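Worksheet for the structure shown next.
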Amino acid sequence: MTVDTTAHPSPGVTAAAGFQASGVVAGLKASGRPDLALVVNEGPSQVAAAVFTTNRVVGAPVVWSRQAVSDGVVSAVVLNSGGANVCTGPDGFLDVHRTAEKVGNVLEISPGDVVVCSTGLIGEPLPIGKLLAGVDDAVSHLSRTGGLAAATAIMTTDTVPKTAHLTIQGDRGEWTVGGMAKGAGMLAPGLATMLCVITTDAVVDAETADAALRAATSQTFDRIDSDGCMSTSDTVTLLVSGASGAVPDPAGFTAALTQVCAELARALVADAEGASHDIAVTVMGASTEAAGLAVARAVTRSNLFKAAMFGNDPNWGRVLAQVGTVPESVAPFDPDQLDVTINGVMVCKSGGAYRPRTEVDLAANREVHVLIDLHAGPEVVTVWTNDLTHDYVHENSAYAT
Numbered sequence: 012m013t014v015d016t017t018a019h020p021s022p023g024v025t026a027a028a029g030f031q032a033s034g035v036v037a038g039l040k041a042s043g044r045p046d047l048a049l050v051v052n053e054g055p056s057q058v059a060a061a062v063f064t065t066n067r068v069v070g071a072p073v074v075w076s077r078q079a080v081s082d083g084v085v086s087a088v089v090l091n092s093g094g095a096n097v098c099t100g101p102d103g104f105l106d107v108h109r110t111a112e113k114v115g116n117v118l119e120i121s122p123g124d125v126v127v128c129s130t131g132l133i134g135e136p137l138p139i140g141k142l143l144a145g146v147d148d149a150v151s152h153l154s155r156t157g158g159l160a161a162a163t164a165i166m167t168t169d170t171v172p173k174t175a176h177l178t179i180q181g182d183r184g185e186w187t188v189g190g191m192a193k194g195a196g197m198l199a200p201g202l203a204t205m206l207c208v209i210t211t212d213a214v215v216d217a218e219t220a221d222a223a224l225r226a227a228t229s230q231t232f233d234r235i236d237s238d239g240c241m242s243t244s245d246t247v248t249l250l251v252s253g254a255s256g257a258v259p260d261p262a263g264f265t266a267a268l269t270q271v272c273a274e275l276a277r278a279l280v281a282d283a284e285g286a287s288h289d290i291a292v293t294v295m296g297a298s299t300e301a302a303g304l305a306v307a308r309a310v311t312r313s314n315l316f317k318a319a320m321f322g323n324d325p326n327w328g329r330v331l332a333q334v335g336t337v338p339e340s341v342a343p344f345d346p347d348q349l350d351v352t353i354n355g356v357m358v359c360k361s362g363g364a365y366r367p368r369t370e371v372d373l374a375a376n377r378e379v380h381v382l383i384d385l386h387a388g389p390e391v392v393t394v395w396t397n398d399l400t401h402d403y404v405h406e407n408s409a410y411a412t
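Using my numbering, you'd call the opening residue of the sequence shown number 12 and step up by one each time.
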C-alpha cells in the first residue's frame, strides 16, 4: 500500500483511473493559500455513496449533499476551506445551490449530481462571488495528477495534506482505491472537522459501494477521537468510475476501502492540533464490541488522561477511573479483574498496582499504546486519540481571530 509522506505524497484521489482533480486559490482565505478543490468522475460509471456527521446542527452543504447522493449517482465533488457555511440561514443554502449549479454548468452535468463540502469557521457567510469564480479556475486546472493539489486546498488547521491509495491485483484484474482527507481537530466519533473523498476505478454497484463505505468508516473514522468534539460538516464521499473494468468481490473491495480509510484516519490523528503523542487505547476482553467502544471512548475523552500523556506520566489510575464511569448495563466487568498495560508494561493487574510506572517510557516515541483488559468477553476494539497540549489550547483559543 502507498500512503502519504512529505517527500513522496500519494496521488490520492487521482490514483484511480477515471478521475481528475484540482486545487486552486479562490480568495476565501485571508492567508492567500489554496482553498477550493474539485474532484470529477469521468466514468464510465457515476456510482457514489456517502456518510455524514450525525450532529443535529449541520451546514447547508450537508443538507444539499445528502439529497445529491441519495440516488447513488455523483459526478463531481466541490470542496472549499475558509468557511463552513453552517448556521448561515436560507442564504447559506442558496449559496450551496449556486455552487452546484456553477459546477454543473461548467462541466455540463446535472447540479443534482454535485456534492458540495465546506469547512472552516461556523456562522460566517461565504464570499460566494469569489467561490463561483474559483470554480472556473478549478475546472481549468483539472488534471489526472491533481490529487495532491486538491488535498492541499481543503486544509484548514492541518499542517500537511493527507492522501493514500492502494492498488490490488486480483483474479479479475487490477483496480485502485485512492483518497484524500482533511482534519486536525474537532475529531470525534460520528465520523470524526473532517472532509474525505475516496475514489475507485473498480466496477462496483451502488448497493455494494454504500455497504462497503459504511463498514469501512465504522472501523476507521468512527474510531478516532481527538478532542471529543463532533463537527457540523463531516462528509465522506466515495466515487466509483469503473474505469479499470475489474470487478472485485464485495468482501475484497470492503477490505481495500477500509485499509485506505484507516491510513487516512491515522493521518488525521498524527496531525492533531498541537499533539505530541498519538495514543491507541485498546480494550480487550469486552463482552461486546459496543461495550469495548464505550470503555475506550471513556478513556480517550478524558482530559486528565490526555494531560498525563502530554506530561509523559503513565498515570494508570486515570485510566481505571474512566473505565469505571461506563455503566454496568453498557459494559459489564469486575473492577477487581481490570488490567492496564502501557507501552508493553503491565502497570495494573487485577485492579491494583503491579509493575512500577517508572518502567514505562512515554518520551522515546510519539506513539503510545494503552491496553485495557476487562476479562469479560472475547471482543477487542481500538480507538486512537492524542494528548492534550498547550499548543492545542492556543490553537483553538485563537481560531476565529
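All C-beta atoms in this analysis are idealised placements derived from N, C-alpha and C, irrespective of residue type, glycine included. None of the values given here were measured: they were computed from a predicted structure.
In the displayed model, L385 falls within coil according to three-state DSSP, outside both helix and strand. The criterion of a C-beta distance shorter than 9 Å is not satisfied by G253 and P22. Rounded to the nearest angstrom, the gap between the Cα atoms of G184 and A28 is 13 Å. The residues G285, in chain order, have a CB closer than 6 Å to that of D402 in the same chain once the five nearest residues on each side in sequence are set aside.
Here N397 is buried: its Cβ has 16 or more other Cβ atoms, across all protein chains shown, within 10 Å. Annotation: the continuous alpha helix (DSSP H) that includes K141 extends over 139 to 151. Between G189 and V35 the beta-carbon gap is near 20 Å, outside 8 Å, which marks them as no contact. Fewer than three beta-carbon pairs drawn from the segment 292 to 301 and the segment 245 to 259 are found closer than 8 Å, and the two stretches are therefore not classed as touching. If you draw a 10 Å sphere on the C-beta of A161, you find 16 or more other C-beta atoms in it, and that means buried. Residue environment for Q78: exposed (fewer than 16 other C-beta atoms within 10 angstroms of its C-beta). Going by beta carbons, N314 and L177 fall outside the 9 Å limit. Note on Q180: under 16 other CB atoms within 10 angstroms of its CB, so exposed under the neighbour-count rule. By a beta-carbon distance limit of 8 Å, P45 contacts T163. Their separation comes to about 5 Å. Excluding the 5 residues flanking it on each side, F321 has same chain C-beta neighbours closer than 8 Å at S287, H288, D398, L399, T400, in chain order.
According to the DSSP secondary-structure assignment, G34 is paired through a beta bridge with A48.
When beta bridges are read from the DSSP output, L118 appears opposite no residue. Under DSSP, the beta-bridge partners assigned to G181 are G184. Contact between T167 and S244 does not hold, since their C-beta atoms are separated by about 10 Å, which reaches or exceeds 8 Å.
Remark: fewer than three beta-carbon pairs, one from each stretch, lie closer than 8 Å, so the segment 274 to 281 and the segment 79 to 87 are not flagged as touching. Taken through DSSP and simplified to helix, strand or coil, V85 comes out as coil. By the beta-carbon neighbour count (other beta carbons within 10 angstroms, threshold 16), A374 is exposed. In the DSSP assignment, T163 falls within the alpha helix (DSSP H) that extends over 158 to 164.
Sequence-distant Cβ neighbours of D169 in its own chain, meaning closer than 8 Å and more than five residues away, are K193, G194, A195, D282. By the Cβ-count criterion, E378 is exposed, with fewer than 16 other Cβ atoms from all chains shown falling within 10 Å of its own Cβ. Here the C-alpha atom of V74 lies approximately 19 Å from the C-alpha atom of I165. Using a Cβ-Cβ distance cut-off of 8 Å, the segment 215 to 222 and the segment 259 to 272 are in contact, since at least three pairs of beta carbons, one from each stretch, lie closer than that value.
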